[in-house]
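**Q**
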Amino acid sequence: SCESRHSSGGELGMLHHHLPKLYFLHIPKAAGTSFRLWLAGLFGVGDQLPAEHLPELEILGPHALAGYHLYSGHFGWRLMELAEATGEPIVPITILREPGALYGSGWNYASGVADEDIDRLGEQAGRQAKATRALVAAKHIDIDAYAGYTNMMVRYIAHHGTEVTTPARVTE
Numbered sequence: 050s051c052e053s054r055h056s057s058g059g060e061l062g063m064l065h066h067h068l069p070k071l072y073f074l075h076i077p078k079a080a081g082t083s084f085r086l087w088l089a090g091l092f093g094v095g096d097q098l099p100a101e102h103l104p105e106l107e108i109l110g111p112h113a114l115a116g117y118h119l120y121s122g123h124f125g126w127r128l129m130e131l132a133e134a135t136g137e138p139i140v141p142i143t144i145l146r147e148p149g150a151l152y153g154s155g156w157n158y159a160s161g162v163a164d165e166d167i168d169r170l171g172e173q174a175g176r177q178a179k180a181t182r183a184l185v186a187a188k189h190i191d192i193d194a195y196a197g198y199t200n201m202m203v204r205y206i207a208h209h210g211t212e213v214t215t216p217a218r219v220t221e
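Positions in the sequence shown are counted from 1; adding 49 to them yields the working numbering.
#1: Please classify proline 138: is it buried, with 16 or more other beta-carbons within 10 angstroms of its beta-carbon, or exposed?
#2: Excluding sequence positions up to five away, which residues of its chain have a Cβ less than 6 Å from the Cβ of tyrosine 205?
#3: Looking only at its chain, what residues have a beta carbon closer than 7 Å to the beta carbon of proline 99, apart from the 5 residues adjacent to it on each side?
#4: Any idea what DSSP makes of tyrosine 205, helix, strand or coil?
#5: Within 10 Å of its beta-carbon, does alanine 132 have 16 or more other beta-carbons around it, so buried, or fewer, so exposed?
#6: Alanine 80 and arginine 146 - do their beta-carbons sit closer together than 8 Å?
#7: Spatial neighbours of histidine 123 within its chain, please: C-beta separation below 7 Å, excluding the five flanking residues on both sides.
#8: When the Cα atoms are used, what is the spatial distance from leucine 128 to isoleucine 108?
#9: Considering only C-alpha positions, which residue in the set Ala115, Trp87 and Glu105 is nearest to aspartate 96?
#10: So which of Lys179, Met202 and Ile144 has the shortest CA-CA distance to serine 83?
#11: Suppose you measure from the CA of glycine 149 to the CA of aspartate 166; what does that come to, to the nearest Å?
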């Protein structure tokens, strides 16, 4: 049988039985949502980490990684640090996007988000969303700001994508 150990109600999972544990490092505005949805279709719902953003991952903690086979979200390299700290073998994958297309996608998204929608994200995420929107708009007047936005892909791969102040440590 191909039933997942996390499946419930007869849900067919483990279509990915030949794949290693995967982390889709989702870089914002790099066309990752379509890929994430396709990838998620290979795994049972119970095989997927129920977090998509760094604060949710931090709340779950590093020991939660052991119970899943697919990790997909805006975690930057933080998930890999947690996996290394717990000895969890996870293979990272991502999608890179041509910087002009990344910028265009970010501009379309940022210019369509109302302040009241951003305010619903909470203090930290709202502040980051407003800063991103301002950074995208600044391209027209400040080439350094544009360079910061296009280097977002590098920041997500090389670091956390967002500020993290606590190192990845696991205690029993």
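Idealized CB from N, CA, C, for every residue including glycine.
The structure displayed is predicted, hence computed values, not measured ones.
**A** Looking at the atomic coordinates:
#1: exposed
#2: Ile76 and Gly125
#3: Answer for proline 99: no residue qualifies.
#4: helix
#5: buried
#6: yes
#7: His75, Pro77, Glu101, His102, Leu103 and Gly210
#8: 12 Å
#9: Ala115
#10: Measuring from the Cα of serine 83, the nearest candidate turns out to be Ile144.
#11: 26 Å
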